[in-house]
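First up is the structure itself, then whatever we jot down about it.
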Amino acid sequence: MQRRSVRIRNGRFEISVEDSGSSGMPCVLLHGRGECSGVWRTLTEAASADHRFVSIDLRGHGDSSWDPDGSYDARTLAGDVLEVLLALNIRKPVLIGHSLGGSVALHLTGMLGPFTSGLVLVDFGPDSDAAGSQRVLTEIRETPTRFNSIAEYAQWLQERRPLASGRALHHLAAHALRRTHTGTFEPKVDRTVADDFLPNDGAREEQMWDMLRSVQCPSLIVRGIGSAILKPQVALRMAQQALPKGQLATISRAGHSVMTDNPDEFNRTIQTFLASLSPAASGGPSCSP
Numbered sequence: 002m003q004r005r006s007v008r009i010r011n012g013r014f015e016i017s018v019e020d021s022g023s024s025g026m027p028c029v030l031l032h033g034r035g036e037c038s039g040v041w042r043t044l045t046e047a048a049s050a051d052h053r054f055v056s057i058d059l060r061g062h063g064d065s066s067w068d069p070d071g072s073y074d075a076r077t078l079a080g081d082v083l084e085v086l087l088a089l090n091i092r093k094p095v096l097i098g099h100s101l102g103g104s105v106a107l108h109l110t111g112m113l114g115p116f117t118s119g120l121v122l123v124d125f126g127p128d129s130d131a132a133g134s135q136r137v138l139t140e141i142r143e144t145p146t147r148f149n150s151i152a153e154y155a156q157w158l159q160e161r162r163p164l165a166s167g168r169a170l171h172h173l174a175a176h177a178l179r180r181t182h183t184g185t186f187e188p189k190v191d192r193t194v195a196d197d198f199l200p201n202d203g204a205r206e207e208q209m210w211d212m213l214r215s216v217q218c219p220s221l222i223v224r225g226i227g228s229a230i231l232k233p234q235v236a237l238r239m240a241q242q243a244l245p246k247g248q249l250a251t252i253s254r255a256g257h258s259v260m261t262d263n264p265d266e267f268n269r270t271i272q273t274f275l276a277s278l279s280p281a282a283s284g285g286p287s288c289s290p
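Going by this note's numbering, the sequence shown opens with residue 2, and the numbers climb by one from there.
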């Protein structure tokens, strides 16, 4: 496992990247709003023998730079990730994104076109439930600014995510905090990421459906059965009508935070999808804008 920083936007920002696993098919992992690359740790531990995982802290999250202008929209973040892929010479990746990371992955698929081997959208889609989305933003805004320990933060998360695996939350908490000069810990997230959320809009939602219809690579929609964000009928429409090569997986005992709620079933689902992709997917020409 190797963590590095990649300078982008003519050196204006540094994006933190964790590179782990084998030299197999590269899988780019994109976390949700307010989280960080640590949310994927149980997946990378389970599947790193067969795949290369590139876990990215999006701008404003984790160990990546914050934006003084607060530009955290999905298309901007997708441009950041594209620069990272070019800098690391990552070819024909599988893009796996949760929530905001799913939107980033969808935008990035449009930028990469045929140089995308696969797409996994985890509990993300058009026409999201407004009340559920607001609860996610509220959690970001109401997160305390100081914790006495990583364990205290993990417990705080557990109280708000009762379905979640304690082990998965510990991985998330360990990477999501930094130690301060006083010995306490603070979350590594720019809280203004919660201000960049745009409510449902008819024209924007239709644009998202158009983007889904244009995806040509094999695609997987993953929904937590108890999700308060991605409606079941929307997930079904995405997989069966919008995505030309789409399929749907519903994860039991999971809500919106699918990867931490039921990591074992989630990991098996992702591994099965990755195994279905051609081994040749890891080759091909370099990414190009």
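Every residue gets a Cβ at the ideal spot worked out from N, C-alpha and C, and that includes glycine.
Residues in its own chain within less than 6 Å of residue i by CB, not counting five upstream and five downstream?
i              : result
threonine 181  : Glu187
valine 121     : Ile97 and Leu221
proline 286    : Note on proline 286: pLDDT 37, under 50, position unreliable in the model; the coordinate value appears next. Closer than 6 Å at the Cβ level, and outside the excluded window around proline 286, lies no residue.
methionine 209 : Pro127
alanine 240    : Ile222, Gly247, Gln248 and Leu249
arginine 4     : Glu19
valine 105     : Leu31, Ala75, Leu78, Ala79 and Gly98
Taking Cβ positions, are residue i and residue j nearer each other than 8 Å?
i             : j              : result
histidine 52  : tryptophan 41  : no
serine 38     : histidine 176  : yes
histidine 257 : aspartate 128  : no
alanine 255   : leucine 164    : yes
valine 216    : proline 245    : yes
lysine 189    : leucine 178    : yes
histidine 99  : methionine 212 : no
isoleucine 91 : proline 145    : no
isoleucine 9  : valine 29      : no
Using C-beta distances below 8 Å, list every residue in its chain close to residue i, excluding the 5 sequence neighbours before and after it, in chain order.
i            : result
glycine 119  : Val95, Leu96, Cys218, Pro219, Ser220, Leu221, Phe274, Leu275, Leu278 and Ala282
leucine 89   : Val7, Val18, Asp20 and Val55
alanine 132  : Ala229
tyrosine 142 : One point to set straight first is that residue 142 is arginine, not tyrosine, in the sequence displayed. Same-chain partners within the cutoff: Arg192 and Ala195.
serine 150   : Phe186
arginine 162 : Leu170, Gly256, Ser258, Thr261 and Asp262
List the endpoints of the continuous alpha helix (DSSP H) containing residue i.
i              : result
glycine 103    : 101-113
alanine 175    : 167-177
isoleucine 230 : Counting along the chain, isoleucine 230 falls outside any alpha helix (DSSP H), and DSSP gives it neither H nor E.
With DSSP collapsed to three states, give me the class of residue i.
i             : result
methionine 26 : strand
serine 38     : helix
leucine 244   : coil
aspartate 211 : helix
arginine 4    : strand
valine 216    : coil
serine 287    : Low confidence applies here, because serine 287 scores a pLDDT of 43, under 50, leaving its location unreliable and the question unanswered by this model.
isoleucine 91 : coil
leucine 138   : helix
arginine 238  : helix
leucine 1     : Residue numbering for the chain in the displayed model covers 2 to 290; residue 1 lies beyond these limits and cannot be assessed.
alanine 294   : Residue 294 is absent from the model: the chain starts at 2 and stops at 290.
leucine 249   : strand
Residue i bridges to which residues according to DSSP?
i             : result
threonine 273 : None, per the DSSP bridge assignment.
glutamate 15  : Arg8
glycine 98    : Leu31 and Leu122
isoleucine 1  : The shown model of the chain, from 2 to 290, leaves out residue 1, and the question about it has no answer.
serine 21     : Phe54
arginine 180  : Phe186
Would you give the residue range spanned by the beta strand (DSSP E) that residue i belongs to?
i                 : result
arginine 53       : 52-57
phenylalanine 186 : 186-188
Give every residue of the same chain whose Cβ lies closer than 7 Å to the Cβ of residue i, excluding the five residues on either side of it in the sequence, and list them in chain order.
i              : result
leucine 138    : Ala195 and Phe198
asparagine 268 : Thr43, Leu44, Ala47 and Ala48
aspartate 74   : Asp197
Taking only heavy atoms of the ligand GDP into account, decide whether any of them is closer than 7 Å to the Cβ of residue i.
i           : result
arginine 76 : With respect to the ligand GDP, the structure offers nothing, as it holds no ligand at all.
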